[in-house]
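Structure record follows, encoded as structure tokens.
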Amino acid sequence: MDIQNIQDNTNSNSPLGARGHQNSKTAFKQACEVIPGGVNSPVRAFKSVGGQPVLIKKASGSRITDIDDNEYIDFIGSWGPMILGHAYPPIVEAIQQAAVLGTSYGAPTLLETEMAELIVSMMPSVEMVRMVNSGTEATMSAIRLARGVTGRSKILKFAGCYHGHGDSFLIKAGSGALTLGLPDSPGVTESTARDTLTANYNDLESVEKLFAQYANEIAAVIVEPVAANMGVVLPKNGFLEGLRKLTEDNGALLIFDEVITGFRLAPGGAQEYFGVMPDITTMGKIIGGGLPVGAYGGKKEIMLQLAPAGPIYQAGTLSGNPLAMAAGIVMLKTLKENSDIYSKLARHAEMLENGLKEGLDKAGIKGVVNRVGSLLTLFFTENDSVESFEDVMTSDKDRYAKFFRLSLEAGIYMAPSQFEAVFISNAHTDEDILATIAAAQEAMKQL
Ligand SMILES: *Cc1c(COP(=O)(O)O)cnc(C)c1O
């Protein structure tokens, strides 16, 4: 990196997001020479909203700072993990203390049992848990487990839901795949694609039809209990209960992908929030306190099928890593012991929801804000509600792109895609939310 080209703006006094992006432009160009598309995960590129991404150099609490020293109020929160805000001091301290004791042993530790006990105590349906290193690993392992336990091959997922980048899931996938128009990725073989069936979110009939067509072939239904990777789409009343019944009636397992909802909607995730219990739960994001962690868990008789207790193989050199466990334990303990955090998160999310709706009214623009707890999405659509993938696809992406760019220039860092969520953290203050509403309403006037 040619440091000569990176200017130091540290001592400039201009307000939030007003210092230009020259350093980011230079640095992104250099990144593109050696990293495909300049990023290590596609949604970080600003492809669908135009322009180039800003490169980040640090973050603290609700604020994130780019390499031009623009400061932003951050609503991405690393795509969910930073529910306590950035560089939360007790987590930083736990990582520092763990690091001096060695960063990896490849042997069991006390921290792993403590972490597993915490997860089991929080997630109502989880009796045993296996740690992995990402949400993708958790979902890939969960479907292998489901296939191994049932002796069946097919997986049923929902259009617009995202379960990481495993081959089986890149069929009508959400998140970056949807944003970039690549829901069905090249490189996934036909035989893999054949084993993935796709139904419509919030449409039980579409699930029933597939169970009728593929009787005794479906190992599991995997679902985001709140869809949050096509923008936020809430489950209709009875949808999750219906999936529970249909899977039971047909001898298939129900997998809740709680990589986003876990520890965010409630200490016990969506299963606690909605009172519906899956057979297997996949977790990630928040669970690592910002370090790369995933996990999957469920009933004992299912989890005991995993090697070395049982025959279904799954492993990981760095799984249960001591730094990640140390960070995750502080994260989960804090959430478990301070459940008032959830009402504060919801209050701030509701403030923002109302502010965005008011902004739409004032600007005379149609739109829908979907929200549950601290997750929300503003859809620029003419529809009166957004309850399905089809509804989501009516959104005006160009309008979102403009809204995104105007917000960024005003120092508000939202997802660079119409199909993602706004993540509220415990570090957001009333002032942060009010400043965001003011900036968003101003941006809407210019759309
Ligand atoms: C982010 C996400 C994943 C993938 O997790 P990674 O850690 O990015 O591999 C899986 N499922 C859901 C619901 C997610 O939001």
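In the numbering used here, the protein residues as written are 308 to 754. For glycine and all other residues, C-beta sits at the position ideal for the given N, C-alpha and C.
May I have the straight-line CA-CA distance separating residue i from residue j, to the nearest angstrom?
| i | j | result |
| --- | --- | --- |
| THR333 | LYS365 | 18 angstroms |
| ALA491 | ASP474 | In the sequence on display, residue 491 carries Asp and not Ala. Near 10 angstroms, if we compare the C-alpha coordinates of ASP474 and ASP491. |
| THR684 | LYS673 | 14 angstroms |
| THR743 | ASN557 | 48 angstroms |
| LEU611 | THR589 | 16 angstroms |
| MET435 | LYS752 | 51 angstroms |
| CYS468 | SER482 | 8 angstroms |
| ALA394 | PRO599 | 15 angstroms |
| ALA760 | GLY392 | Since the first residue of the chain shown is 308 and the last is 754, residue 760 is not available in this structure. |
| GLY357 | SER441 | 29 angstroms |
| SER714 | GLU340 | 29 angstroms |
| LEU630 | ILE426 | 17 angstroms |
| ALA616 | ASN507 | 36 angstroms |
| GLU444 | GLY601 | 7 angstroms |
| LEU639 | ALA480 | 29 angstroms |
| LEU560 | PRO343 | 37 angstroms |
| LYS651 | ALA466 | 32 angstroms |
| ASP564 | VAL675 | 25 angstroms |
| LEU659 | GLY545 | 28 angstroms |
| ALA745 | VAL566 | 31 angstroms |
| ILE636 | GLY623 | 20 angstroms |
| ILE450 | GLY627 | 20 angstroms |
| VAL407 | ALA634 | 14 angstroms |
| ILE719 | VAL539 | 19 angstroms |
| LYS461 | HIS472 | 17 angstroms |
| VAL530 | ASP586 | 12 angstroms |
| ASP381 | GLN520 | 46 angstroms |
| PRO493 | GLU515 | 29 angstroms |
Identify, in the order they occur along the chain, each residue of the same chain with its Cβ nearer than 6 angstroms to the Cβ of residue i, setting aside the five sequence neighbours on each side.
| i | result |
| --- | --- |
| TRP386 | none |
| ASP703 | PHE687 |
| THR568 | PRO532, VAL533, GLY576, ALA577 |
| PHE476 | HIS470 |
| ASP698 | ASN690 |
| LEU511 | GLY549 |
| ASN536 | TYR469, GLY481, SER482 |
| GLN748 | GLY666 |
| ARG454 | ALA526 |
| MET447 | GLY473 |
Taking 6 angstroms as the line, does the beta carbon of residue i fall inside it for any heavy atom of ligand 1?
| i | result |
| --- | --- |
| GLN443 | Note that residue 443 corresponds to Thr in the displayed sequence, not to Gln. It does: the Cβ of THR443 is within 6 angstroms (strictly closer) of some heavy atom of ligand 1. |
| GLU531 | yes |
| TYR469 | yes |
| ASP474 | no |
| GLY591 | yes |
| ILE587 | no |
| ILE567 | yes |
| ASP737 | no |
| ASP491 | no |
| ASP698 | no |
| ASP703 | no |
| ASP564 | yes |
Keeping to the same chain, check which residues put their C-beta closer than 7 angstroms to that of residue i; ignore five residues upstream and five downstream.
| i | result |
| --- | --- |
| LEU613 | ARG437, LEU452, ILE619, GLN621 |
| LEU754 | ALA670, ILE672, ARG706, LYS709, PHE710 |
| LEU541 | VAL533, ASN677, VAL679 |
| SER646 | PRO574 |
| VAL583 | LEU547, GLU548, ARG551 |
| GLU694 | ASN509, VAL540, LYS543 |
So, at 8 angstroms on beta carbons, what are the nonlocal neighbours of residue i in its own chain, with the 5 sequence-adjacent residues on each side left out?
| i | result |
| --- | --- |
| PRO360 | SER331, PHE335, GLY345, VAL346, ARG351, ALA352, PHE353, PRO723 |
| SER355 | THR486, LEU487, LYS704, ALA708, PRO723, SER724, GLN725 |
| ILE310 | With a pLDDT of 49 at ILE310, under the threshold of 50, the modelled position of this residue cannot be trusted, and the question is left open. |
| LYS643 | LEU425, SER428, MET429, PRO574 |
| LEU517 | LEU463, LEU504, ALA506, ILE525 |
| ILE363 | ILE371, THR372, ASP373, ILE374 |
| SER692 | VAL675, ASP698 |
* Asked: Taking the runs of the beta strand (DSSP E) that are 3 residues or longer, which of them lie wholly in the stretch 566 to 615?
  -> Within the stretch 566 to 615, the complete beta strand (DSSP E) runs of at least 3 residues are 587 to 590, 601 to 605.
* Every unbroken alpha helix (DSSP H) within the stretch 611 to 664, with a cutoff of 4 residues, ordered by chain -> Here the runs fully enclosed are 629 to 644.
* To do: Pick out the complete alpha helix (DSSP H) segments inside the stretch 421 to 483, 4 residues or longer, and give them in chain order.
  => Runs of the alpha helix (DSSP H) inside the stretch 421 to 483: 442 to 457.
* To do: Tell me the start and end of each unbroken alpha helix (DSSP H) in the stretch 505 to 555 that is at least 4 residues and wholly inside, in chain order.
  => Within the stretch 505 to 555, the complete alpha helix (DSSP H) segments of 4 residues or longer fall at 511 to 520, listed in chain order.
* Asked: Of all the beta strand (DSSP E) runs that stay within the bounds of the stretch 659 to 719, which reach a length of 3 or more residues?
  -> The qualifying runs are 675 to 679, 682 to 686.
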